[in-house]
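Just below is one structure, and these are the notes that go with it.
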Amino acid sequence: MAVQRLRFTFPTDLIKEPVIYLIGQQFEVITNIRMADVDDRTGWVILELEGEADEIARSVAWAESRGVRVDPITGDVIEG
Amino acid sequence: MTYAQNLRCRECSRDYPLAALHVCDFCFGPLEVLYDDEGIRNSVSREAIASRPANLWRYREFLPCDADSAINIGAGFTPLIHAKNLGKALGLPNLYIKNDTANPTWSFKDRVVAIASSRARELGYEKLACASTGNLANSVSAHAAAAGMEAVVVIPNDLEAGKVLGSSIYSPTLVKVAGNYDAVNRLCAELAGTRNWAFVNVNVRPYYAEGSKTLGFEVAEQLGWRAPDHCVVPIASGSLFVKILKGLNEFAKAGLIDPPKTRMSGAQATGCSPVATAWAEGSMNFRPQRPDTIAKSLAIGNPADGYYSLVQLKETNGACASVSDDEIVAGMKLLAETEGIFAETAGGVTIASVKQLAAAGRIDPDELVVAFITGAGFKTAEAVADTLGPALEIDATVESFEAAYQDREGVPA
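First to last, the protein sequences are chains F and Y. Add 6 to a position in the first sequence, counting from 1, and you land on the number used in our numbering. Add 22 to a position in the second sequence, counting from 1, and you land on the number used in our numbering.
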């Protein structure tokens, strides 16, 4: 089992979608909201995802395919 | 010995041990090294520092690892020059260049890796790793070689040849990744989370970041124990920008200089300018960008210290420029032609930004300004190769030389 902490940023057209609920429904992944700031236009959520690494990767790919931006919580890992 | 006491969350001030930790478990804020300020103040002096070898370990009291057993390939104490010719061209008579191309692997990354690799070894790690667009990979490879450690460096597969060679020569495990910037970044985040390696800018980042403040120490010492009035610093992750001022403040706290009133200005490429864009909009929240610029060493679309950079810009009455790829090339050439310093593209960003900020009245001509040049030009030779004048092609005769010399376009005989 692996745990990943990721920052999900939602565009306006996804604000009303239950994306996090659907991740828990469609994938063998436990979702845990650790921090969030969501309003009527945009929002971000720091999400802990626990499960097999492949399953987490599939859930993240699905979220991105819906238009969610997913980033490491600490910003970019790659540097100059 | 070190005066480092513990790690502390920058956001919620929770304390953590001096381990391989980089983010607060509760609020996800970044962790920073906390020192025994009183102990430092009582032990350090200008004379003691000035008597030590010319590398960054002369500031040992302010660093988070034991200088006596550190991995030392000679990083730091690079030249600070009064750039009179460039200053004249830009209307800044008190312009100085901090030339960090003079580091062992030709970039300022030797500062941060010197600290991160030394602390990683103290913590018992045998492998150093990083994800890099070049300079960091070069420095990690070199420090690992010198320390007898294994290096694993991950780079995008479209890097400049000089930056790839600059790692390969030290025989690391060099991993070239196909895929866009986001894909490379994601892979590296996953590797950092699953491997028990010292990722210099991830799990040992609190120590890594401390290396950048040595630029602040050096500038203050080289100016005769005083802080500059204004610094212009390239912003990638934002760590360098923030830590230079931290260095000046720590020197003041230790009684080595007067409290700094330094204005801190940033330099970004327009093709990757999350901080400059937020600053121009008057916002304290930057939006991540997908980089598209020749300044690959600054191509960080989601900067870890982006927010803190914006805070510092505001608190010090600084400004943040963004410059085009053409301006970057012009900046590289201007620095080379006026001061004899061949900088990489990031240096072009800095010089073009100094020019832009001076023209906009954001830099006062009376200020003592330091521009930070962070990497050497041979690493990004491709950026300027096609813009340079050709050589005179001649036969091995004086006549041939004279003919060619007379014919030079625009140059009097």
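Think of the CB as a built atom: it goes at the ideal place given N, C-alpha and C, for glycine as much as any other residue. Quick caveat: nothing in here was measured; it's all calculated off a predicted structure.
Chain-ordered, the chain Y residues with CB closer than 8 Å to the CB of aspartate 82(F) read Asn207, Ser259, Ile322, Gly323, Asn324, Pro325, Ala326. By the criterion of a C-beta distance shorter than 6 Å, phenylalanine 364(Y) is surrounded in its chain by Ala358, Gly399, once the five residues flanking it on both sides are discounted.
Legend: CB atoms of the stretch 225-258 of chain Y lying less than 7 Å from CB atoms of chain F belong to residues Ala258. Proximity of the stretch 117-131 of chain Y to the stretch 90-105 of chain Y meets the contact definition, three or more beta-carbon pairs being nearer than 8 Å.
Proximity of chain F to glycine 98(Y) at the Cβ level (cut-off 9 Å) is not reached, the minimal Cβ distance being about 18 Å. For serine 139(Y), the CB contacts under 8 Å within the same chain, skipping 5 residues up- and downstream, are Ile93, Leu150, Val162, His165, Ala166, Ala169, Met171, Ala220, Val222 in chain order.
The stretch 308-393 of chain Y is shown to contain whole alpha helix (DSSP H) runs of 4 or more residues at 328-337, 347-361, 367-381, in chain order. Fewer than three pairs of CB atoms, one per stretch, sit closer than 8 Å, so the stretch 62-80 of chain Y makes no contact with the stretch 338-358 of chain Y.
Comparing alpha-carbon positions, the option among Arg227(Y), Ser129(Y), Leu278(Y) lying closest to arginine 141(Y) turns out to be Arg227(Y). For alanine 8(F), the beta-bridge partners assigned by DSSP are Gly57(F).
Put simply, the CB of methionine 41(F) is near chain Y, with a gap under 8 Å to one of its CB atoms.
Per the DSSP secondary-structure output, tryptophan 50(F) pairs in a beta bridge with Thr15(F), Asp43(F).
Between proline 281(Y) and threonine 372(Y), the C-beta spacing is not below 8 Å. C-alpha of valine 83(F) to C-alpha of phenylalanine 239(Y): approximately 27 Å in a straight line.
Taking a C-beta distance under 8 Å as the contact criterion, aspartate 59(Y) and alanine 97(Y) do not qualify as a contact pair. Closest by C-alpha distance to arginine 13(F), out of Gly73(F), Ile62(F), Arg72(F), Leu53(F), is Leu53(F). Of all residues in the stretch 27-59 of chain Y, the ones placed with a Cβ closer than 8 Å to any Cβ belonging to chain F are His44, Val45, Cys49, Phe50, Pro52, in chain order. A direct Cα-Cα distance of roughly 7 Å separates alanine 183(Y) from lysine 401(Y). Residues of the stretch 76-104 of chain Y whose Cβ lies closer than 8 Å to any Cβ of chain F: none. No Cβ of chain F is located within less than 8 Å of the beta carbon of cysteine 294(Y).
Per DSSP, the unbroken alpha helix (DSSP H) holding leucine 28(F) starts and ends at 25-32.
Here leucine 29(Y) is near valine 55(Y), since their CB atoms are less than 8 Å apart. Residue pairing for arginine 30(Y): DSSP places it in a beta bridge opposite Asp37(Y), Glu54(Y). With contacts defined by Cβ atoms closer than 8 Å, arginine 36(Y) and phenylalanine 48(Y) form a contacting pair. Per DSSP, the beta-bridge partners of methionine 286(Y) are Cys253(Y). Under the Cβ distance rule, asparagine 157(Y) counts among the residues neighbouring chain F, one pair being separated by less than 8 Å. Against chain Y, the CB of aspartate 19(F) has no partner CB under 8 Å away; the residue lies outside that interface. Around the C-beta of valine 420(Y), fewer than 16 other C-beta atoms lie within 10 Å, and the residue is accordingly described as exposed. Rounded to the nearest whole angstrom, the CA to CA distance from tyrosine 192(Y) to isoleucine 26(F) is 45 Å.
Residue contact check for asparagine 121(Y) against chain F: no CB pair falls below 8 Å. DSSP assignment within the stretch 95-155 of chain Y yields the following whole alpha helix (DSSP H) runs of 4 residues or more, N-terminal first: 106-112, 131-144. Under the 8 Å Cβ criterion, the stretch 291-304 of chain Y does not count as touching the stretch 65-74 of chain F, having fewer than three qualifying pairs. A residue is called buried once 16 or more other Cβ atoms fall within 10 Å of its Cβ, and threonine 396(Y) is buried on that count. Membership of proline 296(Y) in the alpha helix (DSSP H) is indicated by the continuous run 296-302. Just so you know, the alpha carbons of serine 189(Y) and alanine 382(Y) end up roughly 39 Å apart. Burial check for proline 17(F): the Cβ neighbour count within 10 Å stays below 16, so the residue is exposed.
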